[in-house]
Amino acid sequence: KRNMINSYFLRLNIPLEYLSSAGIIIKIWIDKYDIHMNLSKNLTIKGADGLAEKPTITFTDKGIALWGKELTFENCDVIMNGITSTPYTAEWSWVAICSSENSSITLKNVDMVMDADPDGNELNGSDAIYFTANSSFNITNSTLKIYDYKSNALEWNGGSGYNVNINNSTFISDHNRSG
Numbered sequence: 001k002r003n004m005i006n007s008y009f010l011r012l013n014i015p016l017e018y019l020s021s022a023g024i025i026i027k028i029w030i031d032k033y034d035i036h037m038n039l040s041k042n043l044t045i046k047g048a049d050g051l052a053e054k055p056t057i058t059f060t061d062k063g064i065a066l067w068g069k070e071l072t073f074e075n076c077d078v079i080m081n082g083i084t085s086t087p088y089t090a091e092w093s094w095v096a097i098c099s100s101e102n103s104s105i106t107l108k109n110v111d112m113v114m115d116a117d118p119d120g121n122e123l124n125g126s127d128a129i130y131f132t133a134n135s136s137f138n139i140t141n142s143t144l145k146i147y148d149y150k151s152n153a154l155e156w157n158g159g160s161g162y163n164v165n166i167n168n169s170t171f172i173s174d175h176n177r178s179g
């Protein structure tokens, strides 16, 4: 199992059934491309210490489906240009990131850009980030920019228990129907 995890690590496509229930921390040294995440385990992706520049995680086809777990990006940059669907297309094909009940997303020292139409000014997709019950979004020492989604940059499905915590950070929502 160890060799399988290491070989998949190089593509940043980890078979999560091989990970502990507590989750995993992945330290990255180089830029990673062509990824998507369908997460049922806690995951931290962290740029390695001592790098001259932060590594960049680039999504090229699908975004993130988060199933009641914690996802943290730390000391890296994230690009989700042209992403309008999670990998779980049975229900979440209309949103780039979906955070299901009791999930959290954390950005720490991250520059994240989500642009539904990076080549023009057309509105695409529906929502950038959609939260279901009791979800949190924590942005610390980071910048989050969301552009060109037909509907909302951030949306909740109603109810209560939602938290967006922005600390020493910048959030820009431009050319979306609403923030």
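The opening residue of the sequence shown carries number 1 in this note's numbering; numbering runs sequentially from there.
For glycine and all other residues, C-beta sits at the position ideal for the given N, C-alpha and C.
| query | result |
| --- | --- |
| Contacts around His175, its chain only, beta-carbon distance under 6 Å, and the 5 residues preceding and following it disregarded | Tyr147, Asp148 |
| Residue nearest to Val164 in terms of C-alpha spacing, selected from Asn138, Ala128, Gly68 | Asn138 |
| Under 7 Å between C-beta atoms of Ser135 and Ser160 | no |
| Whole-angstrom C-beta distance between Asn152 and Ser178, which should lie under 8 Å | 5 Å |
| Anticipated Cβ contact below 8 Å, Lys108 with Thr72, distance rounded | 7 Å |
| Buried or exposed by the 16-neighbour rule on C-beta atoms within 10 Å, applied to Leu51 | exposed |
| Backbone CA spacing between Pro15 and Met37 [nearest angstrom] | Bear in mind that the predicted position of Pro15 carries a pLDDT of just 47, short of 50, making it unreliable; the figure below should be weighed with that in mind. Their backbone Cα atoms lie some 11 Å apart in a straight line. |
| Span separating the alpha-carbon of Gly47 from that of Asn102 | 26 Å |
| Sequence-distant residues of its chain with Cβ nearer than 7 Å to Tyr88 (five each side left out) | Asn38, Ala65 |
| Exposure of Glu122, with buried meaning 16 or more beta-carbon neighbours within 10 Å | exposed |
| Whole-Å CB distance - Ile79 paired with Val113, under 8 Å assumed | 5 Å |
| Helix, strand or coil at Tyr149 according to DSSP, with G and I counted as helix | strand |
| Three-state secondary structure (DSSP) of Cys76 | coil |
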